[in-house]
Amino acid sequence: MFSIHQAELDKIREISNIGLGQAATSLSRLLDMSCKMTVPAVTLTGFDEIIELAGGPENEVAAISLKMKGAFRATMLFIFPAAHVSNIIGRLTGESTGIMDGIGNSALHEFGNIITGAYVATFADVTKLNVRSSIPDVVIDMAGAAITPSLLPLSLYGDDVILIQTYFNDWFAESPERLQAQFYLIPEPGSMNVLRTALEGMPS
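In terms of my numbering, the sequence shown opens at residue 537 and continues consecutively.
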């Protein structure tokens, strides 16, 4: 377990708002259409709540995970409903294709790269920390099967994770429905102190 103050969560929300805004801009340019994200809510939650927040163990999700390396070391887990995956792939490729065939798999990895890459780049820029990201892994499965393998090793770090939650406009369909996205930031031991020092250096 690690402690974090509300003022620190507020600064992480500022970073997340900028980073996800950059991701939305990149997606808009790539897809040649408007993409917006809501101002994220940032809270502390428990490992045991992640699967339930994803809709329960039998709810199908897309889970994209990566490692943040360098001065700040953490795992980022990006989860959204699997029902949107085929639309995302179709929009990126311009054709109907299988979710996890060669083209579909590459398109979904690119989607994950854009979202998480923009976030990590903004995180590094705002905190002034030398941080880079690994190539993301993508899994589509029921939440229990998709998320648990990523969480088991990380649960040794403590009981809590930082939850960053936002909504995309569902730009893939002519529908007012919004796409809920959850980002979990799970610092490695010792890295929370690095982050706290960096956050203290940000303007209030």
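For each residue, glycine too, the CB sits at the ideal point set by N, CA and C. The structure presented is a predicted model; accordingly, all values stated were derived computationally and were not measured.
By DSSP, does residue i sit in helix, in strand, or in coil?
i           : result
residue 607 : coil
residue 672 : coil
residue 728 : helix
residue 601 : strand
residue 717 : strand
residue 567 : helix
residue 699 : strand
residue 628 : helix
residue 594 : coil
residue 653 : helix
residue 685 : helix
residue 613 : strand
residue 575 : coil
residue 589 : helix
residue 556 : helix
residue 644 : helix
On the criterion of 16 or more Cβ atoms from any shown chain inside 10 Å, does residue i qualify as buried, or is it exposed?
i           : result
residue 558 : buried
residue 658 : buried
residue 565 : exposed
residue 588 : exposed
residue 656 : buried
residue 544 : buried
residue 672 : buried
residue 640 : buried
residue 660 : buried
residue 601 : buried
Report the rounded CA-to-CA distance for residue i versus residue j, giving the unit in angstroms.
i           : j           : result
residue 726 : residue 608 : 9 Å
residue 595 : residue 697 : 21 Å
residue 599 : residue 737 : 32 Å
residue 663 : residue 623 : 34 Å
residue 625 : residue 675 : 14 Å
residue 621 : residue 610 : 26 Å
residue 643 : residue 581 : 31 Å
residue 612 : residue 628 : 23 Å
residue 638 : residue 647 : 14 Å
Please report the Cβ distance between residue i and residue j, rounded to the nearest whole angstrom; I am assuming they are in contact, meaning their Cβ atoms lie under 8 Å.
i           : j           : result
residue 560 : residue 573 : 5 Å
residue 699 : residue 579 : 5 Å
residue 682 : residue 575 : The pair is not a contact, with the Cβ atoms about 27 Å apart (cut-off 8 Å).
residue 593 : residue 728 : Not a contact, Cβ separation roughly 29 Å.
residue 583 : residue 719 : Residue 583 to residue 719, Cβ: 15 Å. No contact.
residue 669 : residue 680 : Going by Cβ atoms, the distance from residue 669 to residue 680 rounds to 26 Å, so no, they are not a contact pair.
Determine, using beta-carbon pairs with one atom in the segment 727 to 735 and one in the segment 542 to 559, whether at least three such pairs fall under 8 Å.
-> yes
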